[in-house]
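Here is the structure we will look at, set down as structure tokens.
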């Protein structure tokens, strides 16, 4: 029922604000009491089906992702040891589970403190969670925004205000550092992408050159084969011409020899006749 209601509200909100540039954020309460039990009875009571065997925040993250909404979670300032131990409270473990769920689904995570806190211990915890190190995937899960709850006369007391100003400065510095790291990651990714493009372009050019070289080499080979065939044919023709010439010359020589013999015989016949007289 809770998920169904969320779908209806998000669908209506999206239809109203989709063209206005308004960013929709959904507040999800941090129910950390009895988180250390298998049943997570307190979460089940309010409608979050999150138990030892079922991750109830993944479906919520999926729902928010469908509508481009921000996952806004509470109890960011709390530590486990500060809570009643008999209730098996574990706000830090709960926040980590939610951070992992939003990181896995790709939903922006925002946060806020559940109770009015003005001490540096709470401020430091918020700073830590703002860039939570997720050991399981070895990456940081940065919150996209944080809402400090709340503005009242206690906040403006001299000591509380001084601590709050220091806290805001640290949050800004951390945000700037995180943005710089993200920029470096994007630049590194872009350089890798550009290098990949260059390599791909070079490989394409190399393939083109190889193909053109193949064509040129094949053409040269074909010309060489044609020339060899032509040379062979010319040689055969020359051999045939030479054979014909030799045959013709032999016949001429034989004819000349025959004529010479006949002439000699004729001459000898004449001589014999004169001698007898």
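Residue numbers (the UniProt record's numbering): 1 to 277.
Heads up, the beta-carbon is just placed ideally off N, CA and C, and yes, glycines get one too.
Fair warning: this is a prediction, and the values are worked out from it, not measured in the lab.
{"Item": "Unbroken stretches of the alpha helix (DSSP H), 4 residues or longer, contained in the stretch 57 to 120", "Value": "57 to 66, 91 to 105"}
{"Item": "Span separating the alpha-carbon of residue 156 from that of residue 38", "Value": "42 Å"}
{"Item": "For residue 95 and residue 50, the rounded distance between their alpha carbons", "Value": "13 Å"}
{"Item": "Residue 74 beta carbon less than 8 Å from that of residue 29", "Value": "yes"}
{"Item": "Status (buried if at least 16 other CB within 10 Å, exposed otherwise) for residue 176", "Value": "exposed"}
{"Item": "Nearest-angstrom Cβ-Cβ length linking residue 107 and residue 61, presumed shorter than 8 Å", "Value": "5 Å"}
{"Item": "Distance between beta carbons of residue 52 and residue 87, contact taken as under 8 Å", "Value": "Not quite, the Cβ-Cβ distance comes to about 17 Å (not below 8 Å), so this is no contact."}
{"Item": "Integer Cβ distance of residue 36 from residue 90, believed to fall under 8 Å", "Value": "5 Å"}
{"Item": "Residues that DSSP places opposite residue 145 in a beta bridge", "Value": "110"}
{"Item": "CB of residue 70 within 8 Å of CB of residue 126, strictly", "Value": "no"}
{"Item": "Cβ neighbour criterion (16 or more within 10 Å) applied to residue 100", "Value": "buried"}
{"Item": "Residue range of the unbroken beta strand (DSSP E) whose run includes residue 131", "Value": "131 to 134"}
{"Item": "8 Å contact criterion, which residue 10 and residue 63 should meet: CB distance rounded", "Value": "7 Å"}
{"Item": "Where the alpha helix (DSSP H) through residue 39 begins and ends", "Value": "First-last for residue 39: undefined, no H or E at that position."}
{"Item": "Cα-Cα separation between residue 47 and residue 5, rounded to whole angstroms", "Value": "11 Å"}
{"Item": "Own chain, CB closer than 6 Å to residue 43, minus 5 neighbours either side, in chain order", "Value": "31, 50"}
{"Item": "Same chain, Cβ closer than 7 Å to residue 59, five either side skipped, listed in chain order", "Value": "3"}
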